[in-house]
Every structure is written in structure tokens, then in C-alpha cells.
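Asker: Numbering (our numbering), first residue to last: 1038 to 1196. All residues carry an ideal CB built from backbone N, CA and C; glycine is no exception. This structure is a prediction, so every number in the text was calculated from the model and none was measured. Attaching a single structure in C-alpha cells format; questions to follow.
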Amino acid sequence: VLSDGKIIYDNNKLESKNFNAKDGLGIKLLQFSDIKLVIITGRSSNVVEQRCDDLQIKMLYQGVRNKLKKTNELLRELNLDWENIAYLGDDWNDFPVMEKCNISATPADAFDDIKSRVNIVTKRKGGEGAVREFIELILKKQGKYEESLQKLLNHLKSQ
């Protein structure tokens, strides 16, 4: 959901994707809270790895065929339960996790059948601010938005 779902190959078979800087700043905002961010993707991509490096996202899992199994492993590893999980996904390969987590969300451009089965449908599309919207919603719901925002602003001022 960090990208618009398009996969672009050039003549040298190199992959590229579009990412939204607003989503990136939303991720930075989340990193100033105590909420952990995990990215689980079914594909493996150097481009996604680079974006996660740029954003200092430590928990990136690529090439994951069974996202439910991986999430269960992470829950055990991090000593969390399903009540602690908010999940943003956009298709059937995400649904087994969305079905079990506390808060499930999908972007505005997901298929209708997915939208009808989640708690939240963002106003924004994947790769166009859906991640930022979801992060802000979670932070506000937990009463952590203003504190995280102040930490982010202080960080930006000090650079």
C-alpha cells in the first residue's frame, strides 16, 4: 500500500515503483511514537528495500507468501497478540491477517469486496497518502498524535 500497485520494468528488466513523500512523513510521525511498524509484502523488490532503508524501517519482510503465518511468528517474537494489531492491506493476500487483527483498513482504490470486509476504508488511494491517513487515524485514536507531531516538528527544526 506504500505504492500504487503498479510494477514498472525498464528495458534492462529493472523494477521501479512510485512512493508518496506524504506517506513517508507519516511513517516518520509514527516512528516518534511507541508503535512498531512492520511491512510484510508478497513480492521481493530492491526498490521497496531502498524505500524502507530511506525511512529507517527496520522490520521489512519481503517474499512472504503466507502473511498470516508471518504475522503469527512476529506476534510471538514481539510478545503481542491480535488485539495489538492494526493492519492496512489492499487485496486477498492480506485478508487472512485483516480478518484477525483489531483494526483492519484498506485504501480507497481496493476492490469493493475487500472494502466491504474491513473496519476502515481510507479516503486516499494506495501510494497516494493512504498510509499517512491510517497512521494519523491510529495515533489520534490512541491519543498519541499531538505528542508524536511535536517530536517530529522538533526533530525537523533541529536538522
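1. Taking all protein chains shown into account, decide if MET1135 is buried (16 or more other Cβ within 10 angstroms of its Cβ) or exposed.
2. Could you round the C-beta distance between SER1081 and GLN1099 to whole angstroms and report it? I think they count as a contact, below 8 Å.
3. Could you pull the start and end residues of the beta strand (DSSP E) that ILE1076 belongs to?
4. Answer with buried or exposed for SER1053, where buried requires no fewer than 16 other C-beta atoms within 10 angstroms of its C-beta.
5. Would you kindly report the start and end of the unbroken alpha helix (DSSP H) that includes THR1108?
6. Can you tell me whether ARG1088 is buried or exposed? The criterion is at least 16 other CB atoms within 10 Å of its CB, across all chains shown.
7. How many Å lie between GLU1114 and LEU1074 at the Cα?
8. From what residue to what residue does the beta strand (DSSP E) around SER1141 run?
9. By Cβ distance, which residues of its chain are closer than 7 Å to CYS1138, with the 5 residues on each side in sequence left out?
10. Tell me the DSSP secondary structure of PHE1132 in three-state form.
11. Can you name the start and end residues of the alpha helix (DSSP H) that LEU1176 belongs to?
12. Report the rounded CA-to-CA distance for ARG1161 versus ASP1149, giving the unit in angstroms.
13. Considering LEU1066, what are the terminal residues of the alpha helix (DSSP H) in which it resides?
14. Taking the C-alpha atoms as reference points, what is the distance between GLY1163 and LEU1051?
Answerer: Answer, in terms of the structure:
1. Within the sequence shown, numbered from 1, the residue matching residue 1135 stands at position 98. Label assigned to MET1135: buried.
2. Reading the sequence shown from its first residue, position 44 is the one you call residue 1081. Reading the sequence shown from its first residue, position 62 is the one you call residue 1099. Right, the Cβ-Cβ distance comes to about 4 Å (below 8 Å), so this counts as a contact.
3. Indexing the sequence shown from 1 puts residue 1076 at position 39. 1075-1077 is the extent of the beta strand (DSSP E) around ILE1076.
4. Numbered from its first residue, the sequence shown carries residue 1053 at position 16. Answer is exposed; the Cβ neighbour count stays below 16.
5. Here residue 1108 corresponds to residue number 71 of the sequence shown, with the count starting at 1. Taken as a continuous stretch (DSSP letters only), the alpha helix (DSSP H) holding THR1108 covers 1104-1115.
6. Against the sequence shown, residue 1088 aligns to sequence position 51. With 16 or more Cβ atoms within 10 Å of its Cβ, ARG1088 is classed as buried.
7. Start at 1 with the first residue of the sequence shown, and residue 1114 comes out as number 77. Start at 1 with the first residue of the sequence shown, and residue 1074 comes out as number 37. Those two C-alpha atoms are separated by around 14 Å.
8. The count along the sequence shown starts at 1 and reaches residue 1141 at position 104. Note, SER1141: beta strand (DSSP E), 1140-1143.
9. For the purposes of this step, residue 1138 is taken as residue 101 along the sequence shown, with counting starting at 1. Answer for CYS1138: TRP1119, ILE1122, ALA1123 and TYR1124, listed in chain order.
10. As a first step, residue 1132 is located in the sequence shown; it is residue number 95 there, counting from the start. Residue state, collapsed to three classes: helix.
11. Taking the first residue of the sequence shown as 1, we reach residue 1176 at position 139. Per DSSP, LEU1176 belongs to the alpha helix (DSSP H) from 1167-1178.
12. By 1-based counting over the sequence shown, the position of residue 1161 is 124. By 1-based counting over the sequence shown, the position of residue 1149 is 112. Taking the straight line joining both Cα atoms gives about 15 Å.
13. Translated into positions along the sequence shown, residue 1066 becomes position 29. That run of the alpha helix (DSSP H) goes 1058-1068.
14. Here the question's residue 1163 lines up with position 126 in the sequence shown. Here the question's residue 1051 lines up with position 14 in the sequence shown. Cα to Cα, GLY1163 sits roughly 22 Å from LEU1051.
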